[in-house]
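Numbering (the working numbering), first residue to last: 421 to 635.
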DNA sequence: ACCCAGGTGGCCC
DNA sequence: GGGCCACATGGG
């Protein structure tokens with residue numbers, strides 16, 4: 421798996437790169453699109469917004485996610501409970517700008533059903549431990565590794581490192597050559613870093629900011 | 001007129 | 001475990 425460096429070298433490299441990114445881009449909590457996802461603490465409404473955005477952002481430019489979110493907001497539907505009470509047709513039309521709108525409307529509904537009716541509300545989530553919550557999320561149709569971890573890390577402040585396309589490119593650019601399964605890459609970062617959700621949140625945000633600029 | 005974007009699931013081998 | 005495809009809109 422590791423082509424160019426030993427595990428120890430990779431650990432040190434991951435920690436050094438974090439410092440480099442922080443020095444280069446500043447704290448992501450302060451500004452831009454990541455300011456909100458890295459904001460802490462978050463209110464219940466803000467957590468729901470992150471959950472909704474985690475679905476809308478699948479394979480989609482953030483700009484288009486913002487348009488869809490703005491439309492939901494205008495109709496006072498930026499809430500899991502309200503999404504559950506609204507016809508799929510209406511949700512579909514509002515989120516069209518984010519693409520894959522029929523799938524995503526279904527996925528939003530599934531997630532809303534889980535958090536509101538199965539869990540019993542967003543505030544009850546704290547009673548579920550991280551492995552259990554991750555497992556439950558992955559059972560929901562339309563929620564894969566990345567979406568589950570987005571929700572765990574950015575909505576519920578659980579220390580799981582998010583792996584996405586940018587993380588893969590970042591790893592390839594700085595330490596690996598190939599063979600990047602989700603679990604392997606996630607373990608790589610989690611074993612190298614202090615187990616702290618704040619670091620995981622900021623690091624992932626910085627990776628995206630860095631890799632967008634690189635392209 | 002292409003080509004791509006913070007993924008996921010289904011189907012195949 | 002990996003390769004390929006559908007899903008859909010907006011912007012380069």
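Note that the Cβ used here is the ideal one computed from N, Cα and C, for glycine as well. Here the structure is a predicted model, which is why all the values come from computation and not from measurement.
- The Cβ atoms of residue 625 and residue 457 sit closer than 8 Å to each other.
- Taking C-alpha positions only, residue 561 is separated from residue 524 by approximately 10 Å.
- For the 8 Å CB-CB criterion, residue 581 and residue 535 do not form a contact.
- Under the DSSP assignment, residue 560 falls outside any alpha helix (DSSP H); it carries neither an H nor an E label.
- Pairing residue 521 with residue 513, the inter-Cα distance amounts to about 8 Å.
- Cα atoms of residue 460 and residue 509: separation of roughly 34 Å, rounded to the nearest angstrom.
- As the crow flies, the alpha-carbon of residue 446 is around 29 Å from that of residue 601.
- Here the alpha carbon of residue 552 sits roughly 27 Å from the alpha carbon of residue 627.
- CA-to-CA, the gap between residue 526 and residue 466 works out to about 21 Å.
- The stretch 539 to 554 makes no contact with the stretch 481 to 490: fewer than 3 CB pairs, one atom from each, lie closer than 8 Å.
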